[in-house]
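Q:
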Amino acid sequence: MPREVIIGTSDAGEDPADPSQVLAQEMPALSVVEAHMQRLRYDLCGDRHASSGYAARVSIPASDLTRIASLVDLLDQLRNWSIEEGTTFVEEPSRLAETEAPEAVVACVCSGRPRLMTQALSVVQPMLRHPQTAWELRRVVCEVQRSRTQHANSTSKKAREEEKEEGNAAELNLEAEDGTRGDPLLILLADIVAHHAGAAPLLAEALSTAAAVVQVVLHDLSQGETEEVVFQRVRSIADALYATPLVFHIELAMRRFAAVAPLQVNGVHFFAALVDLPALTDDGPARVPSSGAAADDSGSAHAVDATRAREEREKSMGPGEELPEESVSPPSSLADVVAHSDGVLDVLQRAMQLHRHLLSLRRGVLHVWCVCAQRPPCRVSLLRHGVYGAALRQVSEVGPYTMDVFREAAEIVGYFTPLLDVLQRRSLLLTLHGILQRRPQLEMIEVVLALLVAVLTVVSRPSSTGDAPHDRTHRHPHGDVRGDAGRGRRGGNSDPYAMYATCVQPPTLPTTSPSRVPATVAETEAPRQRCLRLSPLFWQPSSSSSTSSISSTTSRAADGDTWQFMLQRCALPQLVSGLHGYFSACEVVDEQDAAAVERVCALAEAVLTFF
């Protein structure tokens, strides 16, 4: 007769409900960790009990492969312990910090051997999650940087002795140095990325460590850390990014190794964490440099650069054109800096195109775009780099198992709705129409109806008094669309292409006879050059009556075209009315589905009220 047999490593039966059988996870004994660290120090500098300060003096030949392999194995065990300390034992004293493990890890990072540095950086990331080991890491990195500075400047023996006597005071003021001179770990990572630009595994680990530095600050902020401490740490990160070319080297690495998926994912995670940092002007003064003289010099330099940039923009623009507001106001957060960095936006766009199968990368890129698009001064820059088109493709491509990605992409599209021209509105309406027909999921229907409400809010309903949108020249595609154009009239209210402009077009200049046009202008300026003189995105209409009349006429024509497209091509009232009738009459058993059905019906009613 068959019987049930429990196979296990213990004679007693395992009962998950019995608390006596739950094995508590414990860290290894302090003696075991100390013995492991003695082996690591012996392989590094030949002394099991080496005194503090050896991290900057470690030199490992490239041919000593056995020594490098032994150190990599020892660091692997150290990584497991650091992960346990950073997760399970984060509230307890760190045994790795008591045995001076952070100094050995920093020595491996500064060894100059790419394989060893890669393994050491993988240990640094979990060490940052424990406050004690994180503080020790920054202290040792500051000592290494101080030692390198002394060696580079070739200071005298007397000056070295004085700095050695003042070492304790400098260590006590470590937090102040971090706040004024930048995060030492980011400065070290910038040096590593710059000197090892061809080692893809090392670059991927360095980018992951840089992302971990920023993510730890965000985690502490979510756990209730005081705002003063968080702002100090955010300012240290901002100072490090301004003082070092770290972002440039990260962008360069993502361009060079575009096919390396781990490097691309880590780079995207770094920028996704960077845009989540709070602005430095939200609860206090803006970011200032460390010293007074440096503040005056850098402040005047930034002012001169801003003035020169403004003068160049004014020279490149037309006589009736004004500077947009976003180019005048300085950036108040790192999200503004990322949104106006052409190289960063390009590498994010390229990473999205080459690694579309990686959901974490796609989610990170969309998060960067969403946070940047929430700020109105950043939307024009994002629109110029094709962020709207990429987000719209994500809305039409993602499946029902990635609802968070769909929601974020739809949110990005919603931010750009007021900036769309007529053709972009048509493509958006066709996309939403297709989703309503192909995707029966409640969550997707809810998001699509919300986007329809956003579009209808922007597009004003044309009146029935014979305005320009109802004129035959704008309505009939094969009738009198070129009636006035054949009689020599250009622009004005009867321009058939005025409705397709991205924004308000500049007022047309009065036509002059060919005899009055200078010969030099007629010879040097082709019609195509005159048409492409400036982008419509940057056209800001003045307050004159003629320009305002042209603006209102163009806007009415665009709204009329969009309205007719919704009624005739997409049949949105009939489609939304059918959805409303179906969901209002269906019986729902689940409470969560009932709430979703109520939201869908409410949004459908909001859409139908516009018609």
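In our numbering, the protein residues as written are 1 to 611. Even glycine gets a Cβ: it sits at the ideal position worked out from N, Cα and C. Every value quoted in this text rests on a predicted model; they were computed, and no experiment measured them.
#1: Grab me the residues of Phe89's own chain with a C-beta within less than 7 Å of its C-beta, minus the 5 sequence neighbours each way, in chain order.
#2: Going by DSSP in three states, Phe611 sits in which element: helix, strand or coil?
#3: Give a yes or no on contact between the region 338-352 and the region 245-256, applying the rule of three or more CB pairs nearer than 8 Å.
#4: Between Glu205 and the rest of its own chain, which residues show a CB-CB distance below 7 Å, the 5 nearest in sequence each way excluded?
#5: Put Cys370 into one of helix, strand or coil per three-state DSSP.
#6: What are the boundary residues of the alpha helix (DSSP H) that includes Val234?
#7: Candidates Gln441, Leu452, Met352: which alpha carbon is nearest Arg425's?
#8: Hey, out of Gly343, Ser59, Arg129, Asp76, whose CA is closest to His385's CA?
#9: Which residue's Cα is closest to the Cα of Leu263: Glu225, Ser208, Ala272?
#10: Note down, in chain order, each residue of its chain lying with its Cβ closer than 6 Å to the Cβ of Ala652, except the 5 sequence neighbours on either side.
#11: Would a C-beta distance cut-off of 8 Å place Val387 and Leu428 closer than the cut-off?
#12: Candidates Thr417, Gln394, Thr457, Gln125: which alpha carbon is nearest Met444's?
#13: Could you pull out every residue in the same chain whose Cβ sits closer than 8 Å to the Cβ of Asn173, ignoring the five residues on either side in sequence?
#14: Run through DSSP, which three-state label would Tyr54 get?
#15: Measuring straight from C-alpha to C-alpha, what distance separates Leu366 and Gly389?
#16: Quick one: any contact between the region 137-146 and the region 41-58, if contact means 3 or more CB pairs under 8 Å?
#17: Counting only the same chain and skipping the five closest in sequence on each side, list residues whose C-beta sits under 7 Å from that of Gln568.
#18: To the nearest angstrom, how far is the alpha carbon of Ala199 from that of Met254?
#19: On the three-state DSSP scale, how would you describe Pro28?
#20: What are the complete alpha helix (DSSP H) segments, minimum 4 residues, inside the region 434-461?
#21: Hey, Arg39 and Asp47 are a contact pair by Cβ (cut 8 Å); roughly how many whole angstroms apart?
#22: Taking just the CA atoms, how far does Ser222 sit from Leu392?
#23: Check Phe416 in the structure and name its three-state DSSP category.
#24: Report the option in His357, Val32, Glu103 whose CA atom is closest to the CA atom of Gln77.
#25: Between Leu579 and Leu436, which are expected to be in contact by the criterion C-beta below 8 Å, what is the C-beta distance as a whole number of angstroms?
#26: When the Cα of Arg256 is compared with those of Thr99, Val213, Arg350, Val597, which residue comes out closest?
#27: Should Ile237 and Leu277 be called a contact, given that it needs their Cβ atoms to be closer than 8 Å?
#28: Just mark Arg148 as buried or exposed, buried being the case when its beta carbon has 16 or more other beta carbons within 10 Å.
#29: So for Gly364, helix, strand or coil by DSSP?
#30: Using 10 angstroms around the beta-carbon of Glu598, count the other beta-carbons present and answer buried if the total reaches 16, otherwise exposed.
#31: With a cut-off of 8 Å on the beta carbons, I'd call Ala279 and Val214 a contact; round off their distance for me.
#32: So, helix, strand or coil for Gln592, using DSSP?
#33: Taking the straight line between their C-alpha atoms, what separation do you get for His433 and Leu96?
#34: Quick check on DSSP: helix, strand or coil for Ser333?
#35: Return helix, strand or coil for Ala69, following the three-state DSSP convention.
A: Result, derived from the coordinates:
#1: Result list for Phe89: Met27, in chain order.
#2: coil
#3: Flag = yes, the region 338-352 and the region 245-256 touch.
#4: Cβ within range, chain order: Thr118, Leu121, Ser122.
#5: helix
#6: Counting along the chain, the unbroken alpha helix (DSSP H) around Val234 starts and ends at 227-243.
#7: Leu452
#8: Nearest neighbour of His385 by Cα position, chosen from Gly343, Ser59, Arg129, Asp76, turns out to be Gly343.
#9: Nearest option by C-alpha distance: Ser208.
#10: Any question about residue 652 goes unanswered here, given that the chain covers just 1 to 611.
#11: no
#12: Gln394
#13: Unreliable placement is indicated for Asn173, whose pLDDT of 47 sits below 50; the coordinate value is still reported in the next sentence. Counting only Cβ-Cβ distances below 8 Å, and skipping sequence neighbours, we find nothing.
#14: coil
#15: 12 Å
#16: Contact holds: three or more Cβ-Cβ distances are below 8 Å.
#17: none
#18: If you take the alpha carbons of Ala199 and Met254, they lie about 12 Å apart.
#19: coil
#20: 442-458
#21: With 8 Å as the limit, Arg39 and Asp47 do not qualify as a contact, their Cβ atoms being about 12 Å apart.
#22: Linking Leu392 to Ser222 through their CA atoms gives a straight-line distance of about 31 Å.
#23: coil
#24: Of the candidates His357, Val32, Glu103, the one whose C-alpha sits nearest the C-alpha of Gln77 is Val32.
#25: 7 Å
#26: For the residues Thr99, Val213, Arg350, Val597, the minimum Cα distance to Arg256 belongs to Arg350.
#27: yes
#28: exposed
#29: The answer is helix: DSSP assigns Gly364 an H, G or I state.
#30: exposed
#31: Ala279 to Val214, Cβ: 15 Å. No contact.
#32: helix
#33: When rounded, the distance between both Cα atoms is 59 Å.
#34: coil
#35: Correct three-state label for Ala69: helix.
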